[in-house]
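I have placed the structure first, in the form of structure tokens, so that the comments after it can refer back to it.
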Amino acid sequence: MGIEPSIAAGRKGSEVTGLPEETTTNNSKSAKKNRRKQRKQMPVQTLFEACKEVFANGGTGFIPPPDDVERLRSILDSLSPADVGLSPDMPYFRATTSRELPIITYLHLYECPNFSMGIFCLPPSGVLPLHNHPGMTVFSKLLFGTMHIKSYDWAGEVLATISPDTAAAPNATHAGGARARLAKLKVNADLVAPCNTSILYPASGGNMHCFTAVTACAVLDVLGPPYSDPDGRHCTYYLEHPFNRFSADGVSVPENEKDSFVWLQEREKPHDLIVLGAPYRGPRIVVS
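Numbering (numbering that gives the first Met the number 0) for the sequence shown: 0 to 287.
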């Protein structure tokens, strides 16, 4: 974190310029006040300020340095539902049988060109279908509940270690003319809160993922940078097809790994996916 500006200024004043003792005392009081303020700072404010620093020079394809990744991960790991004003008994999380897929609620915390913060609130059986995060680094913190995550990365680099002649992004055409791209399974598991923050990167870590709420749950997402159509960061949805359904010349995988590979075919946004925005009512984020 370094030395607080107020403390550094106080030391410089007393040691270099020879300020009167009264001024030095006032500086000391100010420093203590600032330290007390920091101790009282809300965790969500701490997260915001860290994101602002980490993604200050970010853009499409930006990956924060390892120390910054760990910094954000540590802050997110320590967050609780109460820190963002959530509890499982809120209306967002009530089970419903009125439609095939429950309505998902999105709480917008903050967004700028460099990063965004928001919370997805999923009732039981709520689904965020398989979608991508082009050129983005994403931190996902499960605040409470149980969520099933299934994620993939494009298979080019994996296949290159098996078959050096394989293209970086293997494509295939189904007999019906549909185009698809080969992907490798990264995660297929239930996450139960409290658990560690999940991180995905522009080309690894499970850039395409699907969330399914086993129980009512909430997940806080930090996207750096956020989706932006003008900048080419479109949210694309996918259908999954078994490896054996499509074929591509020169693409082969070991028999015992075929279940880990699928063909992903672009699709329109699912018609039954409804995500409604709602006001964020947790601790206020001070944007300075």
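Just so you know, even glycine gets a beta-carbon here, dropped at the ideal spot from N, CA and C.
CA-CA distance, L127 to T211, rounds to 6 Å. Taking the CA atoms as reference points, C216 sits about 22 Å from Q44.
In the DSSP assignment, G276 forms a beta bridge with Y105. By alpha-carbon distance to P133, the top candidate from L142, P201, Y105 and L219 is P201. In the three-state reduction of the DSSP assignment, Y151 falls in the strand class, which pools E and B. Assignment of beta-bridge partners to V221 by DSSP yields M116 and F138. Residue L121 holds the alpha-carbon nearest to the alpha-carbon of L142 among L121, A154 and G57.
At least 9 Å separates the beta-carbon of V252 from that of I102. Unbroken beta strand (DSSP E) runs of no fewer than 3 residues, entirely contained in the stretch 191-235, are found at 197-199, 207-212 and 216-223, following chain order. Where R93 is concerned, there is no enclosing alpha helix (DSSP H), because DSSP gives it neither an H nor an E. In the displayed model, T145 falls within a strand according to three-state DSSP.
Per DSSP, V286 lies in no beta strand (DSSP E) and is assigned neither H nor E.
Taking A49 as the centre and dropping the five residues before and after it, the same chain places the C-beta of R70, L71 and I74 closer than 7 Å to its C-beta, in chain order. In the DSSP assignment, Q264 falls within the unbroken beta strand (DSSP E) covering F260 to R266.
Using a 10 angstroms sphere on the CB of N206, the tally of other CB atoms reaches 16 or more, which defines it as buried. A55 carries a coil assignment under DSSP once its states are collapsed to helix, strand and coil.
A distance below 6 Å between beta-carbons, with the five flanking residues on each side excluded, links M41 to the following residues of its chain, in chain order: P282.
Between A277 and L106, the beta carbon gap of about 6 Å places them in contact (Cβ cut-off 8 Å).
Between M135 and R232, the C-beta gap is smaller than 9 Å, which places the two residues in contact. When DSSP reads this structure, V126 sits in a beta bridge with T211. In the three-state DSSP reduction, E69 falls in the helix class (H, G or I). Apart from sequence neighbours up to five positions away, the residues of its chain that approach V137 with a beta-carbon distance below 6 Å are L199 and L222, ordered along the chain. A residue is called buried once 16 or more other Cβ atoms fall within 10 Å of its Cβ, and N255, having fewer, is exposed. In this structure the stretch 146-153 lies against the stretch 182-195, because at least three pairs of beta carbons, one per stretch, are closer than 8 Å. The straight-line gap separating the alpha-carbon atoms of E267 and G84 is approximately 34 Å. Note that the C-beta distance between L108 and L238 is not below 9 Å.
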